[in-house]
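Right, one structure below, let's go through it.
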Amino acid sequence: MMSMKILSHSTKSLIRESIETILLISLIISVFHISLQNFQVEGSSMDPNIKEGNCVVAEKVTYWKKPELFSNYLHDNYIFDQPNRGEVVIFKFPNDPTRFFVKRIIAIEGDSVEIKYGNVYVNNIKIDEPYLTHLNSESEYLSPAIIGENQYYVLGDNRTGSNDSRNWGTISDEHIIGKYFFKYGSNICNSFLTSSKGLR
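Take 25 as the starting number for the sequence shown in our numbering and just add one per residue.
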């Protein structure tokens, strides 16, 4: 009788530990899905920094919007940080939300942006772009434009092979999914934890 009681107690402990482990794993997976999203690159618009076939992870926590409930306590629209110049972001294409793009933020709300001889000027200052390796077209021009409220001007690092704000204008903060976090090889893109979606 004593051995049966001991066995019963051990079995209950094992079941409890198993349930706790399953709950912990479920919590980790849920947090992963909420905070990160996986994409596979289709195209060379960010070449050579992000190449076609690379997989990239978008980190979504940094750009979380503040809930309306806390509007009186937070001074801007974001809990942690807002998208800034120079950051690479993943977003839904404004003209087709089923398509996903990866580009670099060049100008933000209130900025003046202009392109002369292929060089980009923000607020009348030529910006330093050490991440560029492809030469810009010297014949490319964009008349000065002011970026609107909650809007972002984005360009691909491969300027001669990128479909970006030069073609279809700015993106809204509502289109942004997350901030570029890291990239990895295509051989492990289709992780069981995430769905891999095409990124242009």
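Note that beta-carbon positions come from the ideal geometry of N, C-alpha and C, so glycine has one too.
Predicted, not measured: the structure shown is a model, and the values here were computed from it.
The beta carbon of residue 66 is closer than 8 Å to those of 76, 222, 223, 224 in its chain, skipping five residues each way along the sequence. Around residue 168, the same chain offers 136, 138 as residues with beta carbons nearer than 6 Å, after the five sequence neighbours per side are excluded.
Distance between residue 183 and residue 198, taken at the CA atoms: about 24 Å. Going by C-alpha positions, residue 91 is about 21 Å away from residue 115.
Minimum Cα-Cα distance from residue 202 among the listed residues 43, 106, 39, 157 corresponds to 106. The beta-bridge partner set that DSSP reports for residue 138 consists of 145.
Secondary structure at residue 191: helix, using DSSP grouped into helix, strand and coil. Excluding its 5 nearest sequence neighbours in each direction, residue 156 has C-beta neighbours in its own chain below 8 Å: 181, 183, listed in chain order. Separation of residue 59 and residue 140 (C-alpha to C-alpha, rounded to the nearest whole angstrom) is 39 Å.
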